[in-house]
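Engineer: Numbers 33 to 488, taken from the working numbering, label the letters of the sequence shown in order.
Below you'll find the structure I mean.
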Amino acid sequence: MWSDPLTINQVTLPNRLVRSSIGGRMAYYDGTVNGAWSNFEKRFAEGGVGAIISATLTIDERRWSPLEYPKISHDRFIAPLRRGVRKVQALGTKYLVQLGDPGYHTQTSLFSQRTDSASASSGFDLLFGYRNSRFALTTGEVEQVVVNFADAARRVRDIGCDGVEVTASKGYLIHQFLNPGINRRTDKYGGSAQARFRLLAEIVTAIREAVGPDFLFGVRLSARDYNHLPLNLRLPPSLPLRGWWFGNDIDQTIDYGRQLRDLGVDYLHISNGFGFINPRENPGDLPVDEVRMFMDSTAHLTRKARLRSGLLRLPRALVRPAMNIGWGDARTLNLDDARRFRAEVGLPVIANGGFQRRSDIEAALASGACDVVSMARPLLANPDLPKLFGAGHEQPERPCTFCNRCTIRTTMFPLGCYDRSRFDSDEQMEQQIIRWSATLDEQAELDEQAEELQGT
Ligand SMILES: Cc1cc2nc3c(=O)[nH]c(=O)nc-3n(C[C@H](O)[C@H](O)[C@H](O)COP(=O)(O)O)c2cc1C
Ligand code: SF4
33 MWSDPLTINQ VTLPNRLVRS SIGGRMAYYD GTVNGAWSNF EKRFAEGGVG AIISATLTID
93 ERRWSPLEYP KISHDRFIAP LRRGVRKVQA LGTKYLVQLG DPGYHTQTSL FSQRTDSASA
153 SSGFDLLFGY RNSRFALTTG EVEQVVVNFA DAARRVRDIG CDGVEVTASK GYLIHQFLNP
213 GINRRTDKYG GSAQARFRLL AEIVTAIREA VGPDFLFGVR LSARDYNHLP LNLRLPPSLP
273 LRGWWFGNDI DQTIDYGRQL RDLGVDYLHI SNGFGFINPR ENPGDLPVDE VRMFMDSTAH
333 LTRKARLRSG LLRLPRALVR PAMNIGWGDA RTLNLDDARR FRAEVGLPVI ANGGFQRRSD
393 IEAALASGAC DVVSMARPLL ANPDLPKLFG AGHEQPERPC TFCNRCTIRT TMFPLGCYDR
453 SRFDSDEQME QQIIRWSATL DEQAELDEQA EELQGT
């Protein structure tokens, strides 16, 4: 049952529903979380999830994506993060921080800067990252990445969190090293499937050493890369072409999963695809207007960003079908892959992507495909979803439509639900967005305003 508790490495989740990483521009311009952030996180705890996994907090002081997301790259971020985490834990919800480094998938920046194109190898990628091309980190710089992750994990423990998760998916730096289409290195970090795994192995080993054996530690892994070429044009091609075209397959990533288990990882969080966003990680639609907005918002940074924005100005009749190749399916697409990981690796598995109906969640858990289900967009649309399940509802009255408007707007606007069809009026939608970004005092004011409006 979704409401059954589960203990992993001494941490007991009160139920099997986890808020998957989701976040927005809720930090000051130095990366310190603001009052809106802790209230954002607290609202999911109030809704009844068993645990919350933070948005990806960046571990590199210079590379940051998107802007105004919280950072964890320095000790000065510990105290402000602790204040918010305590509010969540006071409600009985566990709090885990997800650590990541976007590498060349850095989406936005105030100014164009070289460090935002750091990767495993040099090359060009039309869709991901705003810089014209990516460059290869030196061996010494890669070793520094390992240190950055371990330092950040130690901070997670110092904050008093219940666990730490590393993202090796999303097309972020670790994923760039795992991916055969991107990693063409000839040093110890490339050249074979095992060498491409070395960065993740070193990070996991260093983190385990930093946090100790008794601290909950998971890895978010993409089961299959689904590079989705040719739309996601990526150059130069690498041999064998199959790896360049499709990336890692599930047999390869299951082998990585077994190695992660042997290195002391406690659970795997299974998603899919390469790059944020992609149709396997964020199943549903790809909204043309939002993609245009995002591309326009970065167009000033580089020639490539200008080119992308220009291409999207082509007539909608051309752009929409081309952009939506692979999209349009909002089912729980990753469940069968999660099942294979659970059976073949033997670690507890969190399944993610497209869950929203109680019966789907119950079926996934009962069939043994996963131990826990994580959700992001459905909880943004209805943060009290666990309470609704508890009251016997199959799904909320106005469910998330998986339109992905929030997913793209979060880089530019306050995070909230932007699907107008879910609201009675523009005002109602705006109020909901403002509420997500409000501090405690501001939320009280909004409640008063809403009551006044109801009375008139
Ligand atoms: C606004 C937004 C921000 C997200 N940020 C992150 C993130 O920081 N790290 C991450 O691993 N996934 C992130 N995701 C992906 C979600 O965690 C989740 O994998 C995805 O939305 C699919 O799950 P869902 O169908 O339950 O929404 C984000 C998703 C959204 C909508
Ligand atoms: S904008 Fe709203 S309906 Fe659309 S995916 Fe986000 S939460 Fe769901």
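C-beta: ideal position from N, C-alpha, C; glycine also.
Keep in mind that this is a model prediction, so the values were computed, not measured.
Cα separation between Ser141 and Trp96?
Structural biologist: In the sequence shown, residue 141 corresponds to position 109, counting from 1. In the sequence shown, residue 96 corresponds to position 64, counting from 1. Going by the C-alpha atoms only, they are around 8 angstroms apart.
Engineer: For Tyr61 and Pro102, what's the separation of their Cα atoms in angstroms?
Structural biologist: Sequence index remark: in the sequence shown, residue 61 carries index 29 (1-based). Sequence index remark: in the sequence shown, residue 102 carries index 70 (1-based). Near 9 angstroms, if we compare the C-alpha coordinates of Pro102 and Tyr61.
Engineer: Are three or more beta carbon pairs between the region 387-403 and the region 418-429 nearer than 8 angstroms?
Structural biologist: The region 387-403 is in contact with the region 418-429.
Engineer: With C-beta atoms as the reference, is Asp317 less than 9 angstroms away from Trp359?
Structural biologist: Within the sequence shown, residue 317 is the residue found at index 285, counting from 1. Within the sequence shown, residue 359 is the residue found at index 327, counting from 1. Yes; because the gap between Cβ atoms is below 9 angstroms, this pair is in contact.
Engineer: For ligand 1, is there any heavy atom lying closer than 8 angstroms to the beta carbon of Phe160?
Structural biologist: Here residue 160 corresponds to residue number 128 of the sequence shown, with the count starting at 1. No, the beta carbon of Phe160 sits no closer than 8 angstroms to any heavy atom of ligand 1.
Engineer: Is Arg389 close to ligand 2? I mean its beta-carbon at under 8 angstroms from any heavy atom of the ligand.
Structural biologist: In the sequence shown, counting from the first residue as 1, residue 389 sits at position 357. Result no, Cβ not under 8 angstroms from ligand 2.
Engineer: With a threshold of 8 angstroms, are at least 3 pairs of Cβ atoms found where one atom belongs to the region 78-92 and the other to the region 404-418?
Structural biologist: Verdict: yes, contact present.
Engineer: Does ligand 1 have even one heavy atom less than 8 angstroms from the beta-carbon of Asn414?
Structural biologist: The count along the sequence shown starts at 1 and reaches residue 414 at position 382. Outside the cutoff, so no.
Engineer: Indicate whether Arg352 and Val320 have their beta-carbon atoms separated by less than 9 angstroms.
Structural biologist: Indexing the sequence shown from 1 puts residue 352 at position 320. Indexing the sequence shown from 1 puts residue 320 at position 288. Contact flag set, yes.
Engineer: Return the Cβ separation of Arg293 and Gly378 in integer angstroms, given the expectation that the two are a contact with Cβ distance under 8 angstroms.
Structural biologist: Numbered from its first residue, the sequence shown carries residue 293 at position 261. Numbered from its first residue, the sequence shown carries residue 378 at position 346. Indeed, because the Cβ distance is near 7 angstroms, the residues count as touching under 8 angstroms.
Engineer: Between the region 200-218 and the region 142-156, can you find at least three pairs of beta-carbon atoms closer than 8 angstroms?
Structural biologist: These segments touch.
Engineer: Start and end of the alpha helix (DSSP H) containing Gln226?
Structural biologist: Taking the sequence shown and counting its residues from 1, the one referred to as residue 226 is at position 194. Per DSSP, Gln226 belongs to the alpha helix (DSSP H) from 225-243.
Engineer: Any C-beta of chain B sitting closer than 9 angstroms to the C-beta of Leu485?
Structural biologist: Among the protein chains of the structure shown there is no chain B, as only one such chain exists.
Engineer: Measuring from the CB of Arg409, is there a heavy atom of ligand 2 at a distance below 8 angstroms?
Structural biologist: Position 377 of the sequence shown, counted from the start, is the residue given in the question as residue 409. Within the cutoff, so yes.
Engineer: Using a 10 Å radius around the Cβ and a threshold of 16 neighbouring Cβ atoms, would you call Gln284 buried or exposed?
Structural biologist: Indexing the sequence shown from 1 puts residue 284 at position 252. Classification for Gln284: buried.
Engineer: Leaving out the 5 sequence neighbours to the left and right, which residues in its chain are closer than 7 angstroms to Arg114 when beta-carbon positions are compared?
Structural biologist: For this step, residue 114 is matched to residue 82 along the sequence shown. Cβ neighbours of Arg114 beyond the five flanking positions: Ile191, Gly192.
Engineer: Rounded to a whole number of angstroms, what is the C-alpha to C-alpha distance between Phe181 and Glu93?
Structural biologist: On the sequence shown, position 149 is the one that residue 181 refers to. On the sequence shown, position 61 is the one that residue 93 refers to. Going by the C-alpha atoms only, they are around 11 angstroms apart.
Engineer: Relative to ligand 1, is the shortest distance from any of its heavy atoms to the C-beta of Lys202 smaller than 8 angstroms?
Structural biologist: As a position in the sequence shown, residue 202 is number 170, starting the count at 1. Within the cutoff, so yes.
Engineer: Using only alpha-carbon positions, find the residue among Tyr299, Arg338, Arg51 that is nearest to Phe247.
Structural biologist: Taking the first residue of the sequence shown as 1, we reach residue 247 at position 215. Comparing Cα-Cα distances from Phe247 to each of Tyr299, Arg338, Arg51, the minimum goes to Tyr299.
Engineer: When we look at the beta-carbon of Thr88 and count the other beta-carbons within 10 Å, is it buried (16 or more) or exposed?
Structural biologist: In the sequence shown, counting from the first residue as 1, residue 88 sits at position 56. With 16 or more other Cβ atoms within 10 Å, it is buried.
Engineer: Between Asn414 and the rest of its own chain, which residues show a CB-CB distance below 6 angstroms, the 5 nearest in sequence each way excluded?
Structural biologist: As a working mapping, residue 414 is identified with position 382 in the sequence shown. Closer than 6 angstroms at Cβ, skipping near neighbours: Pro428.
Engineer: Ligand 2 and Asp451: does any heavy atom of the ligand fall closer than 8 angstroms to the residue's C-beta?
Structural biologist: Taking the sequence shown and counting its residues from 1, the one referred to as residue 451 is at position 419. Under cutoff, so the answer is yes.
Engineer: Can you give me the C-alpha to C-alpha distance between Arg372 and Arg290, rounded to a whole angstrom?
Structural biologist: Here residue 372 refers to the residue found at position 340 of the sequence shown. Here residue 290 refers to the residue found at position 258 of the sequence shown. Between Arg372 and Arg290, the C-alpha separation is close to 12 angstroms.
Engineer: How should Gln139 be labelled, buried or exposed, when 16 other C-beta atoms within 10 angstroms of its C-beta is the threshold for buried?
Structural biologist: Position 107 of the sequence shown, counted from the first residue, corresponds to residue 139. Its Cβ being crowded by 16 or more others within 10 Å, Gln139 is buried.
Engineer: Rounded to the nearest angstrom, how far is the Cβ of Thr433 from that of Asp451, given a contact under 8 angstroms?
Structural biologist: Taking the first residue of the sequence shown as 1, we reach residue 433 at position 401. Taking the first residue of the sequence shown as 1, we reach residue 451 at position 419. Confirmed, about 5 angstroms.
Engineer: With a threshold of 6 angstroms on Cβ separation, who are the neighbours of Leu263 within its own chain once the five nearest residues in sequence on each side are excluded?
Structural biologist: If you number the sequence shown from 1, residue 263 lands on position 231. Excluding positions up to five away in sequence, the list reads Ile357.
Engineer: Using a 10 Å radius around the Cβ and a threshold of 16 neighbouring Cβ atoms, would you call Leu128 buried or exposed?
Structural biologist: Sequence index remark: in the sequence shown, residue 128 carries index 96 (1-based). Label assigned to Leu128: buried.
Engineer: According to the Cβ coordinates, are Ser201 and Ser303 closer than 9 angstroms?
Structural biologist: Along the sequence shown, one-based indexing puts residue 201 at 169. Along the sequence shown, one-based indexing puts residue 303 at 271. Yes; because the gap between Cβ atoms is below 9 angstroms, this pair is in contact.
Engineer: Based on DSSP bridge pairs, tell me the residues matched to His301.
Structural biologist: As a position in the sequence shown, residue 301 is number 269, starting the count at 1. Paired residue(s): Arg252, Ile382.
Engineer: In whole angstroms, what is the alpha-carbon distance linking Arg363 and Pro311?
Structural biologist: Along the sequence shown, read from residue 1 onward, the residue named residue 363 stands at position 331. Along the sequence shown, read from residue 1 onward, the residue named residue 311 stands at position 279. Rounded to the nearest angstrom, the two C-alpha atoms are 11 angstroms apart.
Engineer: Going by C-alpha to C-alpha distance, which of Asp369, Gly422, Lys419, Leu411 sits closest to Gly400?
Structural biologist: Position 368 of the sequence shown, counted from the first residue, corresponds to residue 400. Nearest C-alpha to Gly400: Asp369.
Engineer: Whole angstroms is fine: what's the gap from His489's alpha carbon to Leu49's?
Structural biologist: There is no way to answer for residue 489, as the model of the chain reaches only from 33 to 488.
Engineer: Can the beta-carbon of Pro112 be found less than 9 angstroms from the beta-carbon of Thr64?
Structural biologist: Sequence index remark: in the sequence shown, residue 112 carries index 80 (1-based). Sequence index remark: in the sequence shown, residue 64 carries index 32 (1-based). In this structure, Thr64 lies closer than 9 angstroms to Pro112 by Cβ.
Engineer: On the DSSP letters alone, give me the boundaries of the beta strand (DSSP E) that Thr443 sits inside.
Structural biologist: Translated into positions along the sequence shown, residue 443 becomes position 411. Here Thr443 belongs to no beta strand (DSSP E), and DSSP marks it neither H nor E.
Engineer: Quick check on DSSP: helix, strand or coil for Thr88?
Structural biologist: Looking up residue 88 in the sequence shown gives position 56. Of the three classes helix, strand and coil, the one that applies to Thr88 here is strand, per DSSP.
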